[in-house]
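Enquirer: Sharing a structure with you now.
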Amino acid sequence: MGGRSVSGDVDESVAVKLGAVASADAQTPASIVGRATSFYVNLPEAARSALRRLEQSGTPDERRWFEGELMRLLLQTNFSLTQRMMAAQAAHALPADASDAAIDAAADEWMGAAEA
Numbered sequence: 032m033g034g035r036s037v038s039g040d041v042d043e044s045v046a047v048k049l050g051a052v053a054s055a056d057a058q059t060p061a062s063i064v065g066r067a068t069s070f071y072v073n074l075p076e077a078a079r080s081a082l083r084r085l086e087q088s089g090t091p092d093e094r095r096w097f098e099g100e101l102m103r104l105l106l107q108t109n110f111s112l113t114q115r116m117m118a119a120q121a122a123h124a125l126p127a128d129a130s131d132a133a134i135d136a137a138a139d140e141w142m143g144a145a146e147a
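Per our numbering, the very first residue in the sequence shown carries number 32; after that it's consecutive.
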């Protein structure tokens, strides 16, 4: 990611986690910080305000709930992206008339090829 360099401060535990995540993801810490910063600054102001309030006043259980909901939404989005990509890849192989019989025949052909 090209762009302008900025600096920031994090506590030691965040720095250690950042290093571990960067290593596990084969990324640089700077690239992770850049993406995280882009995500945050592109949120609407109401979302940034709610996030700051959660960080300042939320209980650990409320923070865990939020993290779980965010994870659920990200996984749901990832699944939708996968479905869209699979549909695009399979679209060219579908019969032109798209009748049930033609689709069943194509599916039988695909399954036969997979079993061979």
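No residue lacks a Cβ here, since even glycine has one placed at the ideal position from N, Cα and C.
Looking at C-alpha atoms only, which residue of T113, A55, V52, P60 is the closest neighbour of V37?
Expert: P60
Enquirer: Return yes when the Cβ of E93 is within less than 9 Å of the Cβ of L85, no when it is not.
Expert: Cβ atoms of L85 and E93: closer than 9 Å.
Enquirer: DSSP state of P91, grouped into three classes?
Expert: helix
Enquirer: Short check: CB of A53 to CB of S62, under 9 Å?
Expert: yes
Enquirer: Measure how close the beta-carbons of D71 and R79 come, nearest whole angstrom, since I'm counting them as under 8 Å.
Expert: For the record, residue 71 in the displayed sequence is Tyr; it is not Asp. The pair is a contact, with the Cβ atoms about 7 Å apart (cut-off 8 Å).
Enquirer: Need the endpoints of the alpha helix (DSSP H) that D139 sits in, please.
Expert: Its alpha helix (DSSP H) spans residues 131–146.
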